[in-house]
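Residue numbers (the numbering used here), protein chains in the order written: chain A, 1 to 108; chain B, 109 to 269.
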Amino acid sequence: MCMASALDIVRAGRPPRITFVDYPLGHTVGKPFDREGQVDIVRCGLAGFESMTQAEQVEMLGHRWADTEDWKAEEWRKGGAGGKDERKPRDGTPQYQSEQDRILAEGR
Amino acid sequence: MEPIEYMRMTRELYESLGHQPYGWLNADTPPPFTKLNKPLSQCRIGMVSTSGAYVVGQQAYHYKDDTSIRAIPKTTPTDQIHFSHITENYLPDPRRDPNCVFPIDALRTLEAEGVVGGVADELFSCMGGIYSQRRVREELIPALSESFARQNVDAVLLVPM
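Shown next as structure tokens:
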């Protein structure tokens, strides 16, 4: 089962089963600290193993990120024409979340 | 409302910046489809997240087509899961609560409830931002397949970021 918040990208890869959550990228299986919502989304995804009967079916979940859809305009503003390329440089050294992580992993 | 068209969005962004178009994967064959041969409540479930998750103490991912994977024990304290991903702009919330893209607590809950027969002892992560589709096919996918086979899973949850 492939969870998806970027439905077009995931669909292009043609996984056997998709569960779509209409949340911004970075929240494929839930909002931060919304444990109930996270469990519900994963529960729905897993249920698809039994409910889906043919390849490339998509379950569109009804979970909403916010009361309005304004966040989508913001996503387009940041990520569409005139936005910024947010990707980090293609650096071949490990990119730790913190310097402490680097020290713990590399011992120096 | 309709889902965001991320491919069109990115195409327009790259055009506006004068970049080459992004080479999305467009699979040209239908996927295999295998039904469960037993109830979900008896299945052992695996999970892979493409979010670049690692456990504190493990080596982080690099940003130049890193095809390695990390095995993350399912008993890992959630706050010990950190992230390195080439699109760090999507990481602020996962870095506060890893469960946004690495649903370890949800899986533990559903295992305890008996919704699934069990969760594999090791969950997996990889780097989602690999530009070489060939290296994904030849290096990443075989490594994941072998890892899932070793975990004896019946089904896998894939969580892209």
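Glycine is no exception: its CB is placed at the ideal position from the N, C-alpha and C atoms.
Proximal residues to residue i (C-beta, below 8 Å), its chain only, five neighbours per side dropped
i        : result
Trp71/A  : Pro24 and Trp65
Leu163/B : Rather than Leu, the amino acid found at residue 163/B in this sequence is Val. Result list for Val163/B: Arg178, Ile180, Pro181, Thr184, Gln188, Ile189 and His190, in chain order.
Within-9 Å CB hit, residue i to chain B
i        : result
His27/A  : yes
Glu59/A  : no
Gly62/A  : no
Arg108/A : no
Ala66/A  : no
Glu75/A  : yes
Glu99/A  : no
Beta-carbon contacts of residue i that lie in its chain and below 6 Å, excluding the five residues immediately before and after
i        : result
Leu265/B : Met155
Beta-carbon proximity check, residue i vs residue j, cutoff 9 Å
i        : j        : result
Ser192/B : Tyr169/B : yes
Gly237/B : Ile189/B : no
Thr93/A  : Val209/B : no
is_contact[residue i, chain A] using C-beta, thresh 9 Å
i        : result
Glu123/B : yes
Glu247/B : no
Lys182/B : no
Thr142/B : yes
Gly237/B : yes
Ser192/B : yes
Val264/B : yes
Leu215/B : yes
Endpoints, alpha helix (DSSP H) assigned at residue i
i        : result
Glu108/B : Here chain B has residues from 109 to 269 only, and residue 108/B is not among them.
Leu266/B : Looking at the DSSP string, Leu266/B is not in any alpha helix (DSSP H); the run it does join, the beta strand (DSSP E), is Ala263 to Val267.
Ile41/A  : Arg35 to Ser51
Pro250/B : Ile249 to Arg258
Gln97/A  : Run containing Gln97/A: none; DSSP gives neither H nor E here.
Cutoff 9 Å: residue i Cβ touching any chain C Cβ
i      : result
Ala4/A : The structure shown has no chain C; the protein chains it does contain are A and B.
Neighbourhood of residue i by C-beta, 7 Å cutoff - its chain only, sequence neighbours within 5 removed
i        : result
Arg87/A  : none
Pro268/B : Thr158 and Gly236
Asp7/A   : Before going on, a small fix: residue 7/A reads as Leu here, not Asp. Counting only Cβ-Cβ distances below 7 Å, and skipping sequence neighbours, we find Phe20.
Residue i: first and last residue of the uninterrupted beta strand (DSSP E) it sits in
i        : result
Ile212/B : Here Ile212/B belongs to no beta strand (DSSP E); instead the alpha helix (DSSP H) covers Ile212 to Glu221.
Thr19/A  : Arg17 to Phe20
Val156/B : Arg152 to Ser157
Val58/A  : Gln57 to Met60
*At what residue ranges does the stretch 114-192 of chain B contain a whole run of the alpha helix (DSSP H), taking only runs of 4 or more?*
114-125
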